[in-house]
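Notes for the one structure printed next.
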Amino acid sequence: MVERLKISTGSYELNKLLFGGYEKDIITTIYGPGGSGKSNFCMMVSVSQAKKGNKIIFIDTEGGFSGERFKQIHGGTKEEIDNSLQNILLLNPTTFEEQENAFATLLVHVKKGNVSLIIIDSIAMLYRLELGDAITAKDDGRISEVNRKLAKQLRTLNEIARKQNIPVVVTNQVYSSFVQNNEDKNLERQVSMVGGDLLKYWSKCLIELRSSGGRRKLVLKKHRSLPEKILNFEIVASGIRKRGVF
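Each residue of the sequence shown is one higher than the one before, counting from 650 in the numbering used here.
In structure tokens, the structure reads:
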């Protein structure tokens, strides 16, 4: 197995599953339904890197960045927590256009050479809203433009990760649809990522989060050097911890 540079995920169990953590030169996408824990995973890696004095750009499109949750996971003194928070540049776009502007700000800071981690939580929410408006208006030109802009953002993130060894962690939403099983002709529920093909193409690591009846499961769906794996987990004050099989 080729040894690659990695950063800690902020979780011992997830580091173990990923053989060391998130890889530096790729986009890692964590996806799942609302409430499955996506923002919690972003918070864990943020705390881990900020504690080390590393600079983080956190683009929060869903308002999921919680100062209280950051403090809880951090577990340090007020001074230590304040020092860690100073290592995070938090951007809060509320429209897809503002998300584009956030990328411009991101590039400025990356060029300064002091960024160690990029997080986008989530990459496709504002895209989905913009695309929905374009579809409702039946504006084919606008639909194409919105898709082109998301592809450009993902290409930019990929270039940053590859050329500058800056790990990129993004989250994504999912939607459900029903497809016909070719064998028995019955309809089956299928869960897909928003902007699926684009995210699948640009992400070298795909992590799916599932939640059912209060129980949570992480599935490593795609990785360039690891097989599919499963981690049953629960969210606790310090982040996550492994739980029994279900």
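Virtual Cβ for every residue (Gly too), placed ideally from N, Cα, C.
Note that this is a predicted model, so its numbers are computed, not measured.
In angstroms with no decimal places, state the Cα-to-Cα distance between residue i and residue j.
i, j, result
"alanine 783", "isoleucine 856", "29 Å"
"serine 765", "asparagine 796", "28 Å"
"leucine 755", "isoleucine 706", "7 Å"
"asparagine 807", "glutamate 729", "32 Å"
"lysine 871", "lysine 853", "7 Å"
"serine 688", "alanine 751", "19 Å"
"leucine 667", "isoleucine 676", "14 Å"
"alanine 886", "arginine 791", "44 Å"
"glutamine 735", "glycine 725", "14 Å"
"asparagine 664", "arginine 890", "12 Å"
"leucine 654", "arginine 859", "28 Å"
"lysine 878", "alanine 786", "42 Å"
"arginine 718", "lysine 812", "32 Å"
"asparagine 703", "methionine 692", "14 Å"
DSSP three-state label for residue i, please.
i, result
"threonine 677", "strand"
"valine 818", "strand"
"glutamate 728", "helix"
"glutamate 672", "strand"
"glutamate 857", "strand"
"alanine 852", "Going by the sequence as given, residue 852 is serine instead of alanine. Strand, per DSSP."
"serine 841", "strand"
"valine 764", "coil"
"lysine 655", "strand"
"threonine 754", "helix"
"threonine 743", "coil"
"proline 682", "coil"
Identify which residue in the options has its Cα closest to the Cα of residue i.
i, options, result
"leucine 780", "His872, Ile767 and Glu794", "Glu794"
"arginine 892", "Arg859, Asn881 and Leu806", "Asn881"
"valine 868", "Leu654, Gly686 and Asp674", "Gly686"
"phenylalanine 745", "Tyr776, Thr785, Met842 and Glu672", "Tyr776"
"methionine 842", "Lys849, Cys691, Val823 and Lys878", "Val823"
"serine 874", "Gly669, Tyr661, Glu662 and Gly702", "Gly669"
"aspartate 617", "Ser861, Val757 and Arg804", "Since the first and last residues shown for the chain are 650 and 895, residue 617 lies out of range."
Following the continuous alpha helix (DSSP H) through residue i, name the residue where it begins and the one where it ends.
i, result
"glutamate 883", "It is not in any alpha helix (DSSP H) - glutamate 883 instead sits in the beta strand (DSSP E) that spans 878-885."
"aspartate 788", "Careful: aspartate 788 lies outside any alpha helix (DSSP H) and carries neither H nor E."
"arginine 718", "716-723"
"leucine 666", "661-666"
"serine 874", "Premise fails: serine 874 is in no alpha helix (DSSP H) and is neither H nor E."
"serine 695", "687-700"
Just checking: is the beta-carbon of residue i within a distance shorter than 8 Å of some beta-carbon in chain C?
i, result
"lysine 687", "As a matter of chain content, chain C is missing from the structure shown, which is built from one protein chain."
To which residues does DSSP link residue i through a beta bridge?
i, result
"aspartate 770", "Asp709"
"isoleucine 737", "Ile705"
"tyrosine 824", "Ser841"
Could you give the residue range of the beta strand (DSSP E) that holds residue i?
i, result
"glycine 888", "888-891"
"lysine 871", "864-871"
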